[in-house]
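The structure appears below as structure tokens.
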Amino acid sequence: MNIRHARPDDLMNMQHCNLQCLPENYQMKYYLYHGLSWPQLSYVACDSDGRVVGYVLAKMEEDPDDQVPHGHITSLAVKRSHRRLGLARKLMDQSARAMRECFNAKYVSLHVRVSNRAALSLYKHNLGFEVSDIEAKYYGDGEDAFAMRRSLVGFENDPSANEEEDKDLLNIVSRNYLDCVLLKTVIIVKFRINVYI
Amino acid sequence: MSYTVLTLFLQTASSIANTIREMIGGNGFQFSSAGIVLISDFLQVEFWRPADKSLDRPCIISGKISKNDIASPNNELNDLLIVYPLDIPCDVFIASTGTHLFFCPSCVKEPVMPPGDTVTERRLRKLYELIDNGNNKPAIQHADKLIKKFPELIEARILKGIALWRSKRHDEAEKIILPFSFEDDLSESALNLLTVCFREMHHCSEIVRIYQKAVKKCPNSEELNSQLFMAHVRVGNYVEQQNVAFHLYKIAPNRPYFFWGVMSVYLQAKFNKKLAMTLYLPLCKRKLDKLKEEKNFVSAEEVQLYLIVLEEMQDFITAIDILNGPMGKILEDSEVNFVIQKLIDYNNNLHKYDAVIKLCKQHIVKNVESFSNYKTLISACYELNEDKESSFDDLLAFFQSLQRQHPRSLCPCMGKIHLANHYKLFCKVPLTSLVKEFFIQFGDKPCFYNFIRPYINCFSDTESKELLNSLKETLTFSWETFSGFQKDLKLVSKYHSIFQIESFLVDDRNSVVESSDFVDNYSILVSTAINEFQDYPKIETHPSEIFLLLVVHRLLDSYIITKDSNYLHKAICRLQQYSISSTQIQFSLLRLYSFIGLTKQCISIYEKLEIKQLLFDTLGYTMVNYMQHLGSFQFARKLYDAILKFFTISIRETTEYIINAYRYGTFNKIFEIMTLKTSLMHSLCYNKVLSEKLILDLIFDTDKSQSIFALNLSEINLEDDIDIEEIEDHRDLEVLTCWYRPSLADWSSRDLHLDSFLNEKAWLNCRFLFIKAFIIAIQMFTKKTIDKNLFQKFSSTAISFNNSLENLHRCSNVSNNHPFGPPMVPFKEFLYISSDEIMSNMLETFKMLENWPNISLEALYGKFTASSELFTSAFSKIENMNLFESNSVSSFLNVPNFVTLELFVEVFSLQSSVCEVFVVLLSRLDSNSKSNFCDIRKELFQICQNLKNLGASTLSFLDKSRQMVKLQYLKLEDCNVDVHDATHELENLISKKLAYLSSFNL
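Chains A and B supply the protein sequences, listed in that same order.
So for the first sequence, numbering that gives the first Met the number 0 puts the first residue at 0; every next one is plus one.
So for the second sequence, numbering that gives the first Met the number 0 puts the first residue at 0; every next one is plus one.
This is the structure we're talking about:
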């Protein structure tokens, strides 16, 4: 199983990972917004034949309320056929490491449906996330979300706490999706730019 | 007072530290990893003042830069370094430079507000706000007021054009906007607004034109030249991009312009293979070599561009030197394992297997899960070592040591199986024992079966039985009574693996038909698993699902062998009765419903599955191939519109991503996005829907007795042909889990997917060429005189169409009758009623009109007679068909027969449009020459009459078909289906065509 950076031509297969687990059907610009703005943060997991079987779509919070630089996991999915291999954890760790190294993120956040007990348990017990808040009616269908956080301070020294299996599908959808689909065609890219005026 | 402002957008501590260190000549600062923390923690912006007289060394001043800091003459700033971390308001730049010379990420808005608080801006502010908020109608009214008051205010007129365009008043908008292309004296804000406007109107070449004019007036304007560069990017003119970029580099020697130029040359190489190796790539390399000598590479993207060029030139030796040198260090932070992975690839290309082995082992030890490197390592060892046996032993020992260190990792175990398979002749360990070992450790993982399948594919019957027995021995399960789950998920997962392997390896399908044991036993397993795992999480695959799917597959096998549709009926019932929600089940039902022609059920499931956006490309085929041919025309049109909208918007958007990638120097992304764009443009789904939609439009838009000449047929680009060889197959034909062993099962003995793709391409080519020729013909006759060029184009397209038919005949022999196999392409049905000859005849009839009205009446008579005969013969074949299948349990629509009828109605509709062309031409002839008028009208009347008779007979045939099976609707007993009368829309269409034919004045 290989983990590598997501590329634009992975989009179709990334969306396919959602087919059997997430109810979301993202627009192309949504993937590209993440992939081009923070290309260091999104990863795909490939099987032995190179087919995409899981992905993590992540970003840096653009305007954090608490003024603390932090990352956000927008979407994470692993195909049912490739569960219980620890892929979700590996994807999350790679993304978190990049958040820390490239953007000096202090923590990473995510949202999860309050009904998704399995995912909640995975975040809490396997990935070191803690519930920081409950956001009422966060999802389009009116369900509440747990806002969760995982500290990344010192993460680069101890990136992988354990090698336990992922117990479940991770089912995360960010409210920022709604903001993203409203974005006009211009995509913001904030990295590695050398412009002399 | 002038400033040199360097703006850096960097993300890593080391790259910021390196750059700043270079800038200040290594004086005074020690930037470490902590340095970046300091910067982003304390400062929003820092600026460095090397000439600050109050300090004896360069310093960093904390705090946000204010307008006063920069503008104050007392500061005596010569150079200003702004480190731009993440979130800084952009007003500081406006203050310092007066305008954004470059894209500022914090203030991206469309349309761009002109900077500065000028009189013009104040006047336009409200108008901008109205447009930005989507209040187009008030915006138009407000613009009119402004134009009346300030006639010289060009921006107001352009904004009015934008508002009109966004209100869908396209003609009015174009009338206002297009003349600006010829204006010579446009302000910067007018140019910006026109860019936005032309982009929305898809007139990107006009953007080039306006900026070319502007640059002609101010050839040394950096801003205008950079805008001109982007305009060339939009239209993909790489030569002009190169010229402008290097001109920009001359007038403002900034690094990005240099790389824009190099990238533009590289792109010419990509699209001109002839000159790539001799001209373009060496030119790129020379320029980059020079930069390398000057040690002037700063960012990872720049180095990556260098590597891309070297890869294209296959100069892997230089590429390896770069990765091993100081430039390799720049890349280290860019992507995890980028450098080592590239080193492995380059050495592999150079056949330096010893280096590959060393690097792979080094990488695997650090990343035990990188399975692709296991494969590379095994191949490299095999190639390098002549003593295969000792090489095998070494690798086995290596994988075993990895296994001991990482007992929970699958890859060392998988590596051993791959090794044994690769070293077949020299393998000392039987593959079956390695598979067994893998099964004991990881047989409960859902991916076990998928991984193992290619390795056991070539197992003989004896090996298969030996493997299955050895796997079964490891479990305590009663194979006679099928009991013993004991709510143990790991155990049930292992059963899944064994059952799947058994279904794959053991070819007992023929015997299963006689005995229903398999179905009964597995049905017991389904209910046992449902009972034992009642609280199973909904988002996981329920343990019972695989058992159910195995049952369904077995029933379908029985159907394939016996052709008894009762098995189909049973399979549908089992799927419908399954109480757990699952995508696999829904997909299975979708495929079965389309197989038996239940369109209403298909639509209902399709909507539940939410196949849209990106999924159109991969899964759209599940509906696109059926709806139209099953007579669900309204839904087909809706579906085609949604698919075309997705593709056209996505293809257009990619251009903006490419522009942004240029702006930010992410060169590797440029090519990746271009690849994505090409892949969307060449998608089978997109091109198929494009041609089918045109055919449907042509058929339906004339059903209200509307003249064919009044149709908007501009959607098709008549200049371009679909290059059928470029078409890409993105369909996911493996979305349904299947257990058929390619080497054994008859229906999958060929490479079905490839065959299906070839069929699709042949069908697409034929349909596209026909519709293109047909539309050219209509455009040709819209004018009073026949344009020779257009006629030439028509003739060559008609010839290509005839050639494409030959290919279609070759493909027609390939067929697949499995409900879960690749979707149908209706060759047989098409050829059965001679649709090919009918279509050919239509085009030949048009071709005769080159010298209209002086045509050979005899020849025309021949064409009309041939047409009548072809239609009559086609209908007589249809008359002998049964539209409905009937048996003791269920009545299905006979899909192939129904599709044949649909294709007949299609050509029937097209022929009535051909008749209309003649009716219109005759009406023109009436006023000019009377020579052939009466004879032609007589012939035309005859053929229209014949068509009308056939239409009426088709309606009566549909009615009779239903009466014969004494069913108004399809009926599936025991199944929960809300059946749809498949013939309804077909009847409507025929009736409308009859009215259309009757409206001709003959």
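Idealized CB from N, CA, C, for every residue including glycine.
Local conformation of residue i per DSSP, three classes
{"i": "Ile698/B", "result": "helix"}
{"i": "His69/A", "result": "strand"}
{"i": "Asn67/B", "result": "Confidence in Asn67/B is poor, its pLDDT being 40 and thus under 50, which makes the residue's placement unreliable; the coordinate value appears in the next sentence. Residue state, collapsed to three classes: helix."}
{"i": "Ala797/B", "result": "helix"}
{"i": "Arg403/B", "result": "helix"}
{"i": "Gln967/B", "result": "For Gln967/B, the pLDDT reaches just 48, beneath the cut-off of 50, and the residue's location in the model is therefore unreliable, although a value from the coordinates is still provided. Coil at Gln967/B, not helix or strand."}
{"i": "Val505/B", "result": "coil"}
{"i": "Met823/B", "result": "coil"}
{"i": "Ile854/B", "result": "coil"}
{"i": "Asn816/B", "result": "coil"}
{"i": "Arg83/A", "result": "coil"}
{"i": "Met841/B", "result": "helix"}
{"i": "Lys58/A", "result": "strand"}
{"i": "Met880/B", "result": "coil"}
Residue i at chain A interface by Cβ criterion, 8 Å
{"i": "Lys674/B", "result": "Contrary to the premise, residue 674/B reads as Thr rather than Lys in this sequence. Chain A contact via Cβ: present."}
{"i": "His729/B", "result": "yes"}
{"i": "Gln575/B", "result": "no"}
{"i": "Ser593/B", "result": "no"}
{"i": "Met413/B", "result": "yes"}
{"i": "Gln612/B", "result": "yes"}
{"i": "Ile538/B", "result": "yes"}
{"i": "Asp184/B", "result": "no"}
{"i": "Asp344/B", "result": "no"}
{"i": "Leu409/B", "result": "yes"}
{"i": "Cys217/B", "result": "no"}
{"i": "Ala70/B", "result": "Only weak support exists for where Ala70/B lies, its pLDDT of 34 falling under 50; the value from the coordinates is given anyway. Ala70/B does not count as touching chain A."}
Short CB-CB distance (under 8 Å) between residue i and chain B
{"i": "Tyr124/A", "result": "Here residue 124/A turns out to be His, not Tyr, going by the sequence shown. With 8 Å as the cut-off, His124/A does not count as an interface residue toward chain B."}
{"i": "Leu117/A", "result": "Here residue 117/A is Ala; the residue named in the question, Leu, does not match the sequence. By this cut-off, Ala117/A is an interface position."}
{"i": "Arg6/A", "result": "yes"}
{"i": "Ser108/A", "result": "no"}
{"i": "Leu18/A", "result": "yes"}
{"i": "Lys58/A", "result": "no"}
{"i": "Tyr138/A", "result": "no"}
{"i": "Leu121/A", "result": "no"}
{"i": "Arg83/A", "result": "yes"}
{"i": "Met0/A", "result": "yes"}
{"i": "Met11/A", "result": "yes"}
Rounded distance between the beta-carbons of residue j and residue i, thought under 8 Å
{"i": "Val233/B", "j": "Thr654/B", "result": "Before going further, note that residue 233/B is Arg rather than Val in the sequence given. The pair is a contact, with the Cβ atoms about 5 Å apart (cut-off 8 Å)."}
{"i": "Leu589/B", "j": "Ile571/B", "result": "That pair is no contact at about 11 Å."}
{"i": "Ser952/B", "j": "Phe874/B", "result": "6 Å"}
{"i": "Lys992/B", "j": "Ser908/B", "result": "5 Å"}
{"i": "Leu524/B", "j": "Phe546/B", "result": "4 Å"}
{"i": "Asp835/B", "j": "Leu804/B", "result": "5 Å"}
{"i": "Lys415/B", "j": "Leu395/B", "result": "7 Å"}
{"i": "Leu548/B", "j": "Tyr558/B", "result": "Not a contact, Cβ separation roughly 15 Å."}
{"i": "Leu949/B", "j": "Phe870/B", "result": "6 Å"}
Nearest neighbour of residue i, chosen from the options [CA to CA]
{"i": "Ala87/A", "options": "Thr73/A, Cys16/A, Gly153/A and Tyr54/A", "result": "Tyr54/A"}
{"i": "Asn115/A", "options": "Met98/A, Asp143/A, Ser108/A and Asn125/A", "result": "Asp143/A"}
{"i": "Thr73/A", "options": "Leu126/A, Asn103/A, Leu40/A and Ala104/A", "result": "Leu40/A"}
{"i": "Ala155/B", "options": "Lys471/B, Arg122/B, Phe181/B and Asp131/B", "result": "Arg122/B"}
{"i": "Asp64/A", "options": "Asn17/A, Gly153/A, Ser108/A and Leu75/A", "result": "Ser108/A"}
The region 613-627 of chain B in contact with the region 677-693 of chain B per 3-pair CB rule at 8 Å:
As far as the Cβ criterion goes, the region 613-627 of chain B touches the region 677-693 of chain B, which means the pair count is three or higher.
Can at least three beta-carbon pairs, one atom from the region 192-204 of chain B and one from the region 170-183 of chain B, be found at a separation below 8 Å?
Flag = yes, the region 192-204 of chain B and the region 170-183 of chain B touch.
Three or more beta-carbon pairs under 8 Å between the region 767-774 of chain B and the region 689-698 of chain B, yes or no?
Enough Cβ pairs lie closer than 8 Å, so yes.
Just checking, does the region 203-215 of chain B make contact with the region 255-275 of chain B on the three C-beta pairs under 8 Å criterion?
The answer is no - the region 255-275 of chain B does not touch the region 203-215 of chain B, with fewer than three Cβ pairs under 8 Å.
How about the region 152-167 of chain B and the region 119-136 of chain B: do they share at least three Cβ pairs that are nearer than 8 Å?
Contact holds: three or more Cβ-Cβ distances are below 8 Å.
For the region 352-372 of chain B and the region 388-406 of chain B, state whether three or more C-beta atom pairs, one from each stretch, are separated by less than 8 Å.
Yes, the region 352-372 of chain B is in contact with the region 388-406 of chain B.
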